[in-house]
Amino acid sequence: MYDIAKMGTDVDQNTTKISARNVQVYYGDTHAIKDVNVEIGARSVTAFIGPSGCGKSTFLRCINRMNDTIDVCRVDGDILIDGEDIYDKRVDPVQLRAKVGMVFQKPNPFPKSIYDNIAYGPRIHGLAKNKADLDEIVEKSLRRGAIWNEVKDRLHAPGTGLSGGQQQRLCIARAIATEPEVLLMDEPCSALDPIATAQVEELIDELRNQFSVVIVTHSMQQAARVSQKTAFFHLGNLVEYGDTSQIFTNPQDERTESYITGRIG
Amino acid sequence: MPLSWLVLIVLALAAAGYFVGRIRVLKLAGGDVRALHSLPVYYGANVALSAAVPALGVLLLWLLIQPSLIENTVSAMIAPEMIPEGSNLNLVMADVRRVADGLYTAVETGAMNMAQVDALQASADVRATLGELGVALGQDVRPEVLAAAKSYLVASGTGNTARMVVVLALSLTGLVLSMIRTKPDYRARNVVERAVLALLMAAASLAILTTVGIVLSMLFETINFFGLHSWKDFFFGTIWAPNFRGDSELSILPLLWGTLYISFIALLVAVPIGLFAAIYLSEYAGPKTRAFAKPLLEILAGIPTIVYGLFALLTVGPMLINLFGQTGALGVNWMSGATSVLTAGVVMGIMLIPFVSSLSDDIINAVPQAMRDGSLGLGATQSETIRQVVIPAALPGIVGAILLAASRAIGETMIVVMGAGAIAKFSLNPFESMTTITTRIVSQLTGDGDFSSPETLVAFALGLTLFVLTLGLNVLALYIVRKYREQYE
Amino acid sequence: MTDVSQPNSAGTPQSSLHRLDARTKRRNAAESRFKFYGIVAILIGLLMLVTLLYTILSKGTGAFSQTFVTMQVELLESKLDKSGTRDLEKIKKVTTFGYAPLIKGAFEKSVLEHGIDTDLKTKDMAKILSKSAASQLRGYVIANPDKIGETIEFRFLANSRVDGYLKGRVSRESIANDKNITAAQLDFVDQLIAAGVLEKTFNIDFIIGADASDQRPEAAGIGVAMVGSLFMMLVVLALALPIGVAASIYLEEFAPKNWITDIIEVNISNLAAVPSIVFGILGLAVFINYMHLPQSAPLVGGLVLTLMTLPTIIISTRAALKAVPPSIRDAALGVGASKMQAVFHHVLPLAAPGILTGTIIGLAQALGETAPLLLIGMIGFIASNMPETIGEGLLSPNSAMPAQIYEWAKRADPAFYERAWGGIIILLIFLISMNTLAVILRRRFERRW
């Protein structure tokens, strides 16, 4: 099983899911992302690392056009998912975001029950034909979010009553429930304690069997643990991109090396 | 000596004390400021405060207490059987005060001296004498009234003299005592600061005093009212029919119905418009639209209610008649007069729009952005995010805002006085004119009310009910809003 | 891991992002609708504002102009001072009825002079004037007895029906059942206009004059009520500002955290929401019934409004004090100032602009407040003279602007409505200037820490 899965991911990794070409992002007058080109593979975990303010989160938010909600933000260049430009005029960001889910830095469950938190996405996208269908989606998502066993007896308790780690897994399950193809995670463990972090990391590792996961992280150890590919951002530039093992053991760029060895950051 | 003179003298003493205190301590210190415990100003201020504060405090208390003391002694002189038919103690006392005032003017202008006043006989031409001095009396002065007036005059004369003596003595004592204590090693700053703190505290407790005043002033008269009129009829009766010849039916229920009905219509107008305006301004509008539309909407909140009242009476009412009246555009003949529940309700609704919108705006803005991101990140549209995430999250706060608006609507006076009409009834027809609690308070208390008849006193019972009602709503609303804010802090 | 093989069945994944599916179109339509509701709500609000302001301006500006008749009046000695001694006591004995012939004479002369052709009797001509015309003449003669016998030019107020005719409020159709004026008189008015005897000009008396009885809307002005309001505002300013600031300083800087402080705080926020009429009841019960202060006096109105404004001032003052950063206090305490000195020397001056802004806004609120004034008797009383001293201004009965407006709105003659709207224009001018001042102060002195 392990080998098959491993082989499967290897095959999948070669197919490109997301490709960015000459992406520039401006915040008002600030040039936040400078000419980024990157190809992100399907069914794998790609980590974005770099010092604070290097643009890694900004770039992540470009992939599901969350930056549209910020008035002063402007994106140039192309980002293609399955070969389709997501900044094309014909693309509705709402439809895009159903395909490209997102998990945020701080767990942000809605002030609703656990069930309604998960059912929210399927409901707005009309994924369930009936109540039974919806129940099934909720259960499946909670299982895939590795939190089912903890909450199955209190599905109608408020989601805000869970612990931080549970809340974040709930948010991941919520994102999975809309059947996305890409899952973006913006420092999903930064607000969690070590045990919860370990649980979430384990979950991420499992998720790559079905999704292509892009994770922004502050922690190099985390990037090393969960990702297959790593991209290093510095001052808005994509400095280096390659296999995780190669980035951490044999960086090509001296800025990458400085960062990894702790000289900048 | 007139009151204003007394106050001025005390203030002059305080001012003089300030300078003398400063000079004295400097002299004692041999002109060396460094030998003093505090700065010279504090020694001056200490003397000034000692001269002014206790004296003025006592004066204020005296002013509050003396009238009721005299009133009680004098009204004891009027035996119940002396009160003429159709009159009452309050009216007689009002006569007594008027006669006493007249006699006071007479003595003051030198037209009479106290001996002459003493010698006045009721049968004699008291009315004519006073008339010449510009004090008009409605009828001839009866002997018991004259006697009471005389003792009233004497009592207030004595009271005023005593007041002057006590206040001046206190002021001088304070001045002298603090002067004796003024020595270079005296901790003047600490004493002054403690006194100032006490004054600050007194100012802060005025808020409590006001509330106590409100409650007591209405409570006493309400108790009087329930002595004259059955409380059961007031709270549970169904008819409001005041009759100044007595035997009125005074029930709050029809008024409460009118009040609630009008408030309901007002909220029906204000809540959807205000809420949608708030949603648009906080979620959709760009900074320019916001900077333009928000202050303009808030102008509506700054317009005095008398303007809305006039708008209801002269513009909205006739306009509604043109629509729903006999010769109206719709030809339905539903409305006969300009004043109606709908008129007052709609205008009050307009007034409440900015109230609802700015409160809701604050509350919607307090919902964390992470909540919106979470929903948008799942592919929800903005309206789905607002309807299914933001509004449910803000709901407690919005409910609080609506309760505050309801309390405003219930207590609003001018719009209903001018726009609602004066007929107390239970009806569901919004085109009919109805009346409210506040309208009835105004009508029962304006004009020459007789403060011992249930028809006037009922206003106090209505006021107290209104106070309790709005207070309840406010406390509840403020509690909900506070809880809501804590949730997101 | 059965999920791996399961294709993504539901929803959009397999479809192209470049084609909107039906559901997304529906949802986008709902989105547009929702946004549209918001715009509609704001437009309704703005429309109401515009309607309100338009109504006020269109109906109220008329009050600032008034119709006057200018005529030469011969102050006949035979009518006013038969003895010819110019004895003031005797001249005073001539009542206003005695002056009526003079006015009739003046009309007769005017008609001749301008060659006006009319069948109207002089008695009916005189009826186009205000009822105040005769007393205006009498007042002039008593003030200037030496002018008796001369011919003087007078400007008389036309009566409110004539005024309404010039302003378009009254027409020949609308007076069919009106006893006060006839179509023939309106014809005469037209002739007088053509002759330049009767004209509509700016009416300063509306702004500075006193209210008039309900028979003479043309003579009513808001000036005295304005002075009444002014005195009330002085009382409010003199009491509410110091007390409010003192209370705020105590609560914000000195109050210990205990239940008494909590009660005071809850009290203040509740007082801010107590209906204004309740303050009126308090004023009636305490200031008038208990303390026997004079009814209708601006002092009492001011006291009631003070109690009402205090919470507003306290709330804004506390916000201003809170905005001064603790570092300022620490700095003062650090150089050895006492807490009291730190507050009075450093915090209070820094908070002053905010306090001032709050006070102005509180005063503006108090200026427009009507309901409590009704209960303490500030309506129905016609103060005909300006108060002469401060004491009189505070204690003698007067009205206030909003109460005066209410009084006019209640009267039967629609001519008073124009006055009421005009009064509102003046009231709003005051409010707008006060609020603008507050905004300017805030902009000018706003400090970001």
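Same order as they appear, the protein sequences are chains V, C and G. Residue 1 is where the first sequence starts when you use our numbering, and the numbers rise one by one after that. Residue 266 is where the second sequence starts when you use our numbering, and the numbers rise one by one after that. Residue 755 is where the third sequence starts when you use our numbering, and the numbers rise one by one after that. Positions of the beta carbon are idealized from the N, C-alpha and C atoms, including for glycine.
Whole angstroms is fine: what's the gap from residue i's alpha carbon to residue j's?
{"i": "G:Gly963", "j": "G:Ile1159", "result": "14 Å"}
{"i": "C:Ser717", "j": "G:Ser1150", "result": "27 Å"}
{"i": "C:Val740", "j": "C:Thr646", "result": "37 Å"}
{"i": "G:Met986", "j": "G:Leu1057", "result": "8 Å"}
{"i": "V:Met66", "j": "V:Thr178", "result": "17 Å"}
{"i": "V:Thr244", "j": "V:Asn130", "result": "43 Å"}
{"i": "V:Pro251", "j": "V:Thr46", "result": "16 Å"}
{"i": "V:Ile4", "j": "V:Met220", "result": "For V:Ile4, the predicted model reports a pLDDT of 39, less than 50, meaning its position is unreliable; a value from the coordinates is still stated below. Answer to the nearest angstrom: the Cα atoms are 28 Å apart."}
{"i": "G:Thr1063", "j": "C:Leu617", "result": "20 Å"}
{"i": "C:Val606", "j": "C:Leu734", "result": "20 Å"}
Is residue i helix, strand or coil by DSSP?
{"i": "V:Gln24", "result": "strand"}
{"i": "G:His868", "result": "coil"}
{"i": "V:Ile18", "result": "strand"}
{"i": "C:Ser315", "result": "helix"}
{"i": "G:His1100", "result": "helix"}
{"i": "G:Trp907", "result": "Note that residue 907 of chain G corresponds to Glu in the displayed sequence, not to Trp. Correct three-state label for G:Glu907: strand."}
{"i": "G:Leu1205", "result": "Limits of chain G in this structure are 755 at one end and 1203 at the other, which puts residue 1205 of chain G out of reach."}
{"i": "V:Asp10", "result": "Per-residue confidence for V:Asp10 stands at a pLDDT of 44, beneath the threshold of 50, marking its modelled position as unreliable; no derived number is given."}
{"i": "C:His494", "result": "coil"}
{"i": "C:Asp297", "result": "coil"}
{"i": "C:Trp599", "result": "coil"}
{"i": "V:Tyr87", "result": "coil"}
{"i": "V:Lys229", "result": "strand"}
{"i": "V:Asp3", "result": "Bear in mind that a pLDDT of 42 at V:Asp3, under 50, signals an unreliable position, so the number given afterwards is only what the model happens to contain. In this structure, V:Asp3 counts as helix in the three-state DSSP scheme."}
{"i": "G:Ser763", "result": "Residue confidence for G:Ser763 is low, a pLDDT of 39 falling below 50, so the modelled location carries little weight; the figure read from the coordinates is stated next. If DSSP states are grouped into helix, strand and coil, G:Ser763 belongs with coil."}
{"i": "C:Phe509", "result": "coil"}
Quick one, which of the options has its alpha-carbon nearest residue i's?
{"i": "C:Gly614", "options": "C:Asp626, C:Phe576 and C:Val298", "result": "C:Phe576"}
{"i": "C:Glu751", "options": "C:Ala631, C:Ile527 and C:Phe485", "result": "C:Ala631"}
{"i": "G:Lys933", "options": "G:Asp941, G:Pro899 and G:Lys881", "result": "G:Lys881"}
{"i": "C:Ala659", "options": "C:Ala550, C:Arg407, C:Met358 and C:Arg747", "result": "C:Arg747"}
{"i": "G:Lys954", "options": "G:Gly922, G:Leu984, G:Gln969 and G:Ala930", "result": "G:Gly922"}
{"i": "G:Ser884", "options": "G:Val1097, G:Met1062, G:Ile1133 and G:Ser914", "result": "G:Ser914"}
{"i": "G:Phe861", "options": "G:Ala887, G:Val981, G:Lys836 and G:Thr849", "result": "G:Ala887"}
{"i": "G:Ile1003", "options": "G:Ser1050, G:Asp841, G:Val1097 and G:Ala912", "result": "G:Val1097"}
{"i": "C:Gly642", "options": "V:Val94, V:Pro111 and V:Thr160", "result": "V:Val94"}
{"i": "C:Arg694", "options": "C:Ala670, C:Met600, C:Gly676 and C:Val654", "result": "Arg is not the amino acid found at residue 694 of chain C; the sequence shown has Asn there. Closest option to C:Asn694, Cα to Cα, is C:Met600."}
Assuming contact is defined by CB atoms lying nearer than 8 Å, are residue i and residue j in contact in what I supplied?
{"i": "V:Asn108", "j": "C:Gly639", "result": "yes"}
{"i": "G:Leu910", "j": "G:Met825", "result": "The question names Leu, but residue 910 of chain G is Phe in the sequence shown. Yes. Within cutoff."}
{"i": "G:Gly1108", "j": "G:Ala1077", "result": "yes"}
{"i": "G:Ala1039", "j": "C:Glu336", "result": "no"}
{"i": "V:Tyr241", "j": "V:Pro51", "result": "no"}
{"i": "G:Ile1067", "j": "G:Gly998", "result": "yes"}
{"i": "C:Ala535", "j": "C:Val621", "result": "yes"}
{"i": "V:Ile147", "j": "V:Leu170", "result": "yes"}
{"i": "V:Val25", "j": "V:Ala32", "result": "yes"}
{"i": "G:Leu1129", "j": "G:Ile1035", "result": "yes"}
{"i": "G:Ala1051", "j": "G:Leu920", "result": "no"}
Please compile the residues from chain G whose C-beta is within a distance smaller than 7 Å of the C-beta of residue i.
{"i": "C:Ser315", "result": "Residues of chain G passing the Cβ test: none, with the nearest at roughly 18 Å."}
{"i": "V:Val94", "result": "Thr778 and Arg781"}
{"i": "C:Gln647", "result": "Glu785"}
{"i": "C:Glu697", "result": "Residues of chain G passing the Cβ test: none, with the nearest at roughly 21 Å."}
Could you work out which residues of chain V lie near residue i, taking near to mean beta carbons separated by less than 8 Å?
{"i": "G:Arg777", "result": "His125 and Gly126"}
For residue i, return the contacting residues in chain G, with the cut-off set at a CB-CB distance below 9 Å.
{"i": "V:Ile139", "result": "What sits at residue 139 of chain V in the sequence shown is Glu, not Ile. Within 9 Å Cβ-Cβ: nothing; V:Glu139 doesn't reach chain G, min ~12 Å."}
Which chain C residues sit within Cβ distance under 9 Å of residue i?
{"i": "V:Cys171", "result": "Gly639"}
I want to verify the contact list: residues of chain V whose CB lies under 7 Å from the CB of residue i, in sequence order.
{"i": "G:His772", "result": "Glu84, Asp88, Arg90 and Val91"}
Going along chain C in order, which residues have a C-beta closer than 8 Å to the C-beta of residue i?
{"i": "G:Met802", "result": "Leu565, Ile615 and Ile618"}
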